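Engineer:
Protein chains: 2
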Amino acid sequence: MVVNMPGGGKVSGDAEREARARFVEQFAMLLSDAGMQRMPARVFAYVLASDAETHTAAELADGLRVSAAAISGAVRPLVDMGILVRDRAPGDRVDHYRVYGDDVWSTLIGRQEPMYRHIDVLFTEGLKTLSPGAGRRRIHETREFYRFVHAEFDTLTRRWRERRAGVSESPEPARAAPGE
Amino acid sequence: MVVNMPGGGKVSGDAEREARARFVEQFAMLLSDAGMQRMPARVFAYVLASDAETHTAAELADGLRVSAAAISGAVRPLVDMGILVRDRAPGDRVDHYRVYGDDVWSTLIGRQEPMYRHIDVLFTEGLKTLSPGAGRRRIHETREFYRFVHAEFDTLTRRWRERRAGVSESPEPARAAPGE
DNA sequence: CACACTCTTCACAGTTTTGTGAATTGATTT
DNA sequence: AAATCAATTCACAAAACTGTGAAGAGTGTG
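Chains as they are written, first to last, in our numbering: chain A, 19 to 198; chain B, 19 to 198.
(1) Could you work out which residue in 177/A, 175/A, 183/A, 170/A is closest to residue 175/B when comparing CA atoms only?
(2) So is residue 160/A buried or exposed if we call it buried at 16+ other beta carbons inside 10 Å?
(3) So with Cβ pairs under 7 Å, would you call residue 194/B a contact of chain A?
(4) Residues of the stretch 147–163 of chain A with a CB closer than 7 Å to any CB of chain B: list them in chain order, please.
(5) By the DSSP assignment, the alpha helix (DSSP H) with residue 32/A in it spans what residues?
(6) Return yes when the Cβ of residue 81/B is within less than 7 Å of the Cβ of residue 64/B, no when it is not.
(7) Just how far apart, CA to CA, sit residue 101/B and residue 122/B?
(8) Apart from the five residues just before and just after residue 158/A, which ones in its own chain have a Cβ nearer than 7 Å to its Cβ?
(9) Compare the beta carbon distance of residue 88/B and residue 57/B with 7 Å and say whether it is the shorter of the two.
(10) Keeping to the same chain, check which residues put their C-beta closer than 6 Å to that of residue 79/B; ignore five residues upstream and five downstream.
(11) Could you compute how far the alpha carbon of residue 4/B sits from the alpha carbon of residue 74/A?
(12) Tell me residue 136/B's beta-bridge partners as DSSP assigns them.
(13) If you measure beta-carbon to beta-carbon, which residues of the stretch 51–84 of chain A are closer than 7 Å to chain B?
(14) I need the boundaries of the alpha helix (DSSP H) containing residue 117/B, first residue and last residue.
(15) To the nearest angstrom, how far is it from the Cα of residue 109/A to the Cα of residue 60/A?
(16) In three-state terms, what does DSSP make of residue 84/B?
(17) Do the CB positions of residue 67/A and residue 103/A come within less than 7 Å of each other?
(18) Could you run through the stretch 91–106 of chain A and flag, in chain order, every residue whose CB is less than 9 Å away from some CB of chain B?
(19) Going by alpha carbons, who is nearest to residue 152/A out of 149/B, 120/B, 142/B?
(20) Please confirm whether residue 140/A and residue 44/B have their CB atoms less than 7 Å apart.
(21) Can you tell me where the alpha helix (DSSP H) holding residue 126/B begins and where it ends?
(22) Using the Cβ count rule (16 or more neighbours within 10 Å means buried), how would you classify residue 46/B?
(23) For residue 6/B, which of helix, strand or coil comes out of DSSP?
(24) Report the residue from 111/A, 107/A, 116/A whose alpha carbon sits nearest the alpha carbon of residue 94/A.
(25) I'd like to check one pair, residue 168/B with residue 134/B: are the Cβ atoms closer than 7 Å?
(26) List, in order along the chain, the chain A residues whose C-beta lies closer than 8 Å to that of residue 119/B?
(27) Can you find the residues in the same chain that come closer than 6 Å, C-beta to C-beta, to residue 105/B, ignoring five residues on each side of it along the sequence?
(28) When the distance is taken between beta carbons, is residue 166/A closer than 7 Å to residue 156/B?
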C-alpha cells in the first residue's frame, strides 16, 4: 500500500482516491447483494466513505462517473428512506446531500419499522384463511419470528449505541501519515 | 387434505387453496423486496406455507404454475444456501425437497455467518487504505456495527429458541369459522 | 439392453432495469 | 425581464433477468 514509498514519495493523493473509489464499489456491491438497488447503494457507500459532510449532485455524479440524471434517480429513494437529507441554503442554487443523523445505523434500523408492521398484517391476514396443518404452523411461527426480531430492535439499538460510544472515540490509531 | 365439510360445505377446498396461493405470492413478494430472487422466494414461501413436509419438483412446478426448468433453477440457490434439502430415497426416481431443520429461522440466521465474515475483511482491508477523516471514521463505525450485529446473533438465536418453544405449542386456536 | 421417466442444461424471447443525452422546469442573479 | 445554472423528467438504447420449450444426461424398471 502506498504509504511511504522510498525516494521522497508519500501517500499519493491519487492512489488514495482510487483506493477509496474501489472500496466504495465493493461496499456498494455488498449492499446491492443485500437487496439495495445499485445506484442508491453506490451513492450511499460514496457518501459514507467520503470525508466531506455534504455533497452536491454534481460532485456525486463526478465521483461515481455517472450522469446527473442517474444521481437524481438514485438519490430519491435514499431521501425517501430518510437515509439522506437534501439541504439547500436560501440563496443557494445547488442541493447539498448529507447522511441523516450522526448514527446512520440506528437510523437505518429504525426505518425498518413500517416493513415489520406490513409483514405482521400480511401474516395475520394469511393466518385467518389457512386451515390447520403443518403449513399454517410454519407461517404462524414465521410471524412470531418477525415479531420477535422486531421486538428485539429496541434492545439491539440501545446496546449498539452503548457500544458505539465506546468504539468511535478511537477510530484506530491513525497510522502516522503526515504530509498531504 | 380438503377439510371436507358436510352437506352444503362452506369451506371450499378450492377457495382455501386459492387463498393459500395468494398468500404465498404476497409472502414471496415480501422476500423479493427484501432482496431474494423471485423464483427462489416463491418456492421458499410455497414450501413453508404448504402442509406437506416434502415436495417433488413436479408438485412445485404445478403449484407455482411454472415449468420444471424454472423449479430446477430456483431450487439450486436454496439448496446451496442450505435452506432446502434434496432427498432421494434409494430406488426412487424423484427428488424430494424439504426445509432443512425444524427451526427455519435459526438456520437462516446461521447462514448469514459467511457474509458477515466477508464484510469484515472487506472493511478491514478498506480501513488500511483510507486516510484519517470523517469518511474513515464512518467506515470504521460501519465495520463495528456489523461486528456488533454479528456478535448479537448468538444471543438473538438463543432468545428466539426460547420464545419459539413458548409460542409454537399453541398455533392459535383454529377459529370456529362462523359463516363467511 | 432398451425403455421410461425425471432432472438439468441450453438457446432464446419477453420483460424489466439502468443509465444517458436532450428537453423542461424552477429559481436566482443581473 | 432576460440570462444563467442546477435539478428533474422523458424517450430511448443497452444490459440483465426470467421463464420457456426442447434437447441431453442420468437412473431405475421391465
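Glycine included, every Cβ here is placed at the ideal spot set by N, Cα and C. Treat the numbers as computed from the prediction; the structure is a model and nothing was measured.
Structural biologist: Let's see:
(1) In terms of CA proximity to residue 175/B, 170/A leads the group 177/A, 175/A, 183/A, 170/A.
(2) It counts as buried.
(3) With a pLDDT of 47 at residue 194/B, under the threshold of 50, the modelled position of that residue is not reliable, and no figure is offered here.
(4) Taking 7 Å as the Cβ-Cβ cut-off against chain B, the residues of the stretch 147–163 of chain A that qualify are 147, 148, 149, 150, 151, 152, 153, 154, 155, 156, 157, 158, 159, 160, 162, 163.
(5) Segment 31–51, the alpha helix (DSSP H) holding residue 32/A.
(6) Contact flag set, yes.
(7) Linking residue 101/B to residue 122/B through their CA atoms gives a straight-line distance of about 7 Å.
(8) Around residue 158/A: 145.
(9) Here residue 88/B is near residue 57/B, since their CB atoms are less than 7 Å apart.
(10) So the list reads 86, 89, once near-sequence residues are dropped.
(11) Since the first residue shown for chain B is 19 and the last is 198, residue 4/B is missing from the structure and cannot be characterised.
(12) Partner(s): none; residue 136/B has no beta bridge.
(13) Flagged, chain order: 52, 53, 66, 67, 68, 69, 71.
(14) Membership of residue 117/B in any alpha helix (DSSP H) is not indicated; the residue belongs instead to the beta strand (DSSP E) covering 114–117.
(15) Rounded to whole angstroms, residue 109/A to residue 60/A spans 29 Å at the Cα level.
(16) Three-state result, residue 84/B: coil.
(17) Note that the C-beta distance between residue 67/A and residue 103/A is not below 7 Å.
(18) Listed in sequence order: no entries.
(19) Nearest C-alpha to residue 152/A: 120/B.
(20) Closer than 7 Å, so yes.
(21) Secondary structure note for residue 126/B: its alpha helix (DSSP H) is the uninterrupted segment 122–129.
(22) Buried.
(23) Lying outside 19 to 198, the shown extent of chain B, residue 6/B is not represented and no answer is given.
(24) Looking from the CA of residue 94/A, the closest CA among 111/A, 107/A, 116/A belongs to 116/A.
(25) The beta carbons of residue 134/B and residue 168/B sit closer together than 7 Å.
(26) Here the premise fails: no neighbours, minimum Cβ distance about 12 Å.
(27) Result list for residue 105/B: 114, in chain order.
(28) No, these two residues do not count as a Cβ contact at 7 Å.
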